[in-house]
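Participant: Take 2 as the starting number for the sequence shown in my numbering and just add one per residue. Glycine included, each C-beta is placed from N, C-alpha and C at the ideal position. Remember, predicted model here, so these are calculated numbers, not experimental data.
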Amino acid sequence: MEKLLIKQVSATDTTQEAAVICQQLLEQSGFFKNSKRLLLLSGGSCLDVAKFLLENLATEKLLSGTMISLGDERWVEVNSADSNQHQLEARGLITLIQDNGGEFIPFLGQETKPKEATSRLNHRLHQLIEEQTSIFLLAGMGEDGHTLGILPDPYAQRFSGLFSSTDLVVYYHLADQQVNPFRKRLTLSLSALPFIAQVVIFAVGDKKQSALEHLQKKDQNLNQLPALGLYLSPGELVVITDQNL
């Protein structure tokens, strides 16, 4: 399914409104009726949405039995303030998940080598898919069109070789042409998207307008606008934004 649904939010209460929309989508899809269910979260502003969402789910006793993980991570020390995992922890969300009967699956574990981390994560994801786990992804999108840990790359062949890998989670080091302070990344690959029942993109602010328009028109190549890869999910692609499209 390649249908795009726009959900408009106000410019003042974007994160709270987005959290309510996400919960509605989860409930409408029957997510919480599945004995196996996994909620994936992106970093950045999505973590602010996640805070409201997870707190609401905890209040309504919906975290129990729910697995929660990330869609991407920076390859840094486990306790680094730059990691998405640390930012979740700093918001009290990992404790909230565990105290309410949920399970947090870390991208950054005890491994000292990224290959060991991707091996663990790929094994767990394949296992969950085989068990027919319902998977929901809350993703962000940068003004450059990146999503998860998948950044634009001027070289289409290099981009395709990495992100169309059969691995569901990949590690890579940014090329010289890619501008971003965090050079080492763990991320879901494009190959994981067909197994994700629904994807929601949270993208607010004037700087996201151009990328959102390209996403809507599908007038760029995948290596130029990686967020186009989110259409690979079989469900309706939902965009939560304060921009007029």
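Go to Val79, then tell me how far its alpha helix (DSSP H) extends in each direction, as first and last residue.
Facilitator: For the purposes of this step, residue 79 is taken as the residue at position 78 of the sequence shown. Segment: none, Val79 is in no alpha helix (DSSP H) and carries neither H nor E.
Participant: Return helix, strand or coil for Ile136, following the three-state DSSP convention.
Facilitator: Here residue 136 refers to the residue found at position 135 of the sequence shown. Ile136: strand per DSSP, three-state reduction.
Participant: Considering only C-alpha positions, which residue in the set Trp76, Gly102, Ser70 is nearest to Ser90?
Facilitator: Counting from 1 along the sequence shown, the entry for residue 90 is found at position 89. Before going further, note that residue 90 is Glu rather than Ser in the sequence given. Comparing Cα positions, the closest option is Ser70.
Participant: Can you name the start and end residues of the beta strand (DSSP E) that Glu104 belongs to?
Facilitator: If you number the sequence shown from 1, residue 104 lands on position 103. Segment 104-106, the beta strand (DSSP E) holding Glu104.
Participant: Taking the CB atoms as reference points, tell me whether Gln86 and Phe108 lie closer together than 8 Å.
Facilitator: In the sequence shown, counting from the first residue as 1, residue 86 sits at position 85. In the sequence shown, counting from the first residue as 1, residue 108 sits at position 107. Result yes, Cβ atoms of Gln86 and Phe108 sit closer than 8 Å.
Participant: With a threshold of 8 Å, are at least 3 pairs of Cβ atoms found where one atom belongs to the region 43-53 and the other to the region 126-136?
Facilitator: no
Participant: Nearest to Glu112 by alpha carbon, out of Arg92, Leu139, Val79, Ile106?
Facilitator: Within the sequence shown, the letter at position 111 stands for residue 112. The candidate whose alpha carbon is nearest that of Glu112 is Val79.
Participant: Could you tell me how far apart the beta carbons of Asp207 and Val10 are, in whole angstroms, since I believe they sit closer than 8 Å?
Facilitator: Counting from 1 along the sequence shown, the entry for residue 207 is found at position 206. Counting from 1 along the sequence shown, the entry for residue 10 is found at position 9. The pair is not a contact, with the Cβ atoms about 14 Å apart (cut-off 8 Å).
Participant: With C-beta atoms as the reference, is Ser234 less than 8 Å away from Ile197?
Facilitator: As a working note, residue 234 is residue 233 in the sequence shown. As a working note, residue 197 is residue 196 in the sequence shown. Yes, these two residues count as a Cβ contact at 8 Å.
Participant: Give me the Cβ distance between Pro153 and Leu226, rounded to the nearest whole Å; I'm assuming they're in contact under 8 Å.
Facilitator: The residue labelled residue 153 in the question sits at position 152 within the sequence shown. The residue labelled residue 226 in the question sits at position 225 within the sequence shown. That pair is a contact at about 7 Å.
Participant: Are Gly141 and Cys47 touching if we call contact CB-CB under 8 Å?
Facilitator: The count along the sequence shown starts at 1 and reaches residue 141 at position 140. The count along the sequence shown starts at 1 and reaches residue 47 at position 46. Yes, they are a contact pair.
Participant: Less than 8 Å separating the beta-carbons of Val170 and Leu122?
Facilitator: In the sequence shown, counting from the first residue as 1, residue 170 sits at position 169. In the sequence shown, counting from the first residue as 1, residue 122 sits at position 121. Yes. Within cutoff.
Participant: Could you name the residues of the same chain whose beta carbon sits closer than 8 Å to that of Ala193, not counting the 5 residues immediately before and after it, in chain order?
Facilitator: Position 192 of the sequence shown, counting from 1, holds the residue named residue 193. Here the set comprises Leu126, Leu169, Val170.
Participant: Need the endpoints of the alpha helix (DSSP H) that His174 sits in, please.
Facilitator: Here residue 174 refers to the residue found at position 173 of the sequence shown. Here His174 belongs to no alpha helix (DSSP H); instead the beta strand (DSSP E) covers 170-174.
Participant: Tell me, to the nearest whole angstrom, how far the beta carbon of Asp83 is from that of Arg186; I am working on the premise that it is less than 8 Å.
Facilitator: Taking the sequence shown and counting its residues from 1, one reaches residue 83 at position 82. Taking the sequence shown and counting its residues from 1, one reaches residue 186 at position 185. No, Asp83 and Arg186 are not in contact; Cβ-Cβ is about 12 Å, not under 8 Å.
Participant: Return yes when the Cβ of Val200 is within less than 8 Å of the Cβ of Leu163, no when it is not.
Facilitator: Stepping through the sequence shown from its first residue, residue 163 is reached at position 162. Stepping through the sequence shown from its first residue, residue 200 is reached at position 199. Cβ distance not < 8 Å, so Leu163 and Val200 don't count as in contact.
Participant: Looking at Arg38 and Met68, is the spacing between their C-beta atoms short of 8 Å?
Facilitator: Translated into positions along the sequence shown, residue 68 becomes position 67. Translated into positions along the sequence shown, residue 38 becomes position 37. Yes, Cβ-Cβ distance for Met68 and Arg38 is below 8 Å.
Participant: Beta strand (DSSP E) containing Ile98: first to last residue?
Facilitator: Counting from 1 along the sequence shown, the entry for residue 98 is found at position 97. Segment 94-100 is the alpha helix (DSSP H) holding Ile98; no beta strand (DSSP E) there.
Participant: Looking only at its own chain, which residues have a Cβ that is under 7 Å from the Cβ of Asn101, when we skip the five neighbours before and after it?
Facilitator: Start at 1 with the first residue of the sequence shown, and residue 101 comes out as number 100. Answer for Asn101: Ala59, Leu64, Ser65, listed in chain order.
Participant: Which runs of the alpha helix (DSSP H) fall wholly inside the region 38-67 and span at least 4 residues, in chain order?
Facilitator: 47-60
Participant: Quick one: residues in its chain with C-beta nearer than 7 Å to the C-beta of Thr167, no 5 flanking neighbours on either side, listed in chain order?
Facilitator: Translated into the one-based positions of the sequence shown, residue 167 becomes position 166. Sequence-distant Cβ neighbours of Thr167 in its own chain, meaning closer than 7 Å and more than five residues away, are Ser192.
Participant: Using three-state DSSP, classify Gln199 as helix, strand or coil.
Facilitator: Position 198 of the sequence shown, counted from the first residue, corresponds to residue 199. Strand.
Participant: How is the beta strand (DSSP E) around Thr13 delimited, first residue to last?
Facilitator: On the sequence shown, residue 13 is found 12 positions in, with the first residue counted as 1. Where Thr13 is concerned, there is no enclosing beta strand (DSSP E), given that its DSSP letter is neither H nor E.
Participant: Kindly indicate which three-state DSSP category Ser70 falls into: helix, strand or coil?
Facilitator: Position 69 of the sequence shown, counting from 1, holds the residue named residue 70. Residue state, collapsed to three classes: strand.
Participant: Identify, in the order they occur along the chain, each residue of the same chain with its Cβ nearer than 6 Å to the Cβ of Asp145, setting aside the five sequence neighbours on each side.
Facilitator: Position 144 of the sequence shown, counted from the first residue, corresponds to residue 145. Once the five neighbours on either side are set aside, the close Cβ partners of Asp145 are Pro153.
Participant: Round the Cβ separation of Leu138 and Leu41 to the nearest angstrom and send it over; I've been treating them as touching at under 8 Å.
Facilitator: Taking the first residue of the sequence shown as position 1, residue 138 is located at position 137. Taking the first residue of the sequence shown as position 1, residue 41 is located at position 40. Correct: roughly 4 Å between the Cβ atoms.
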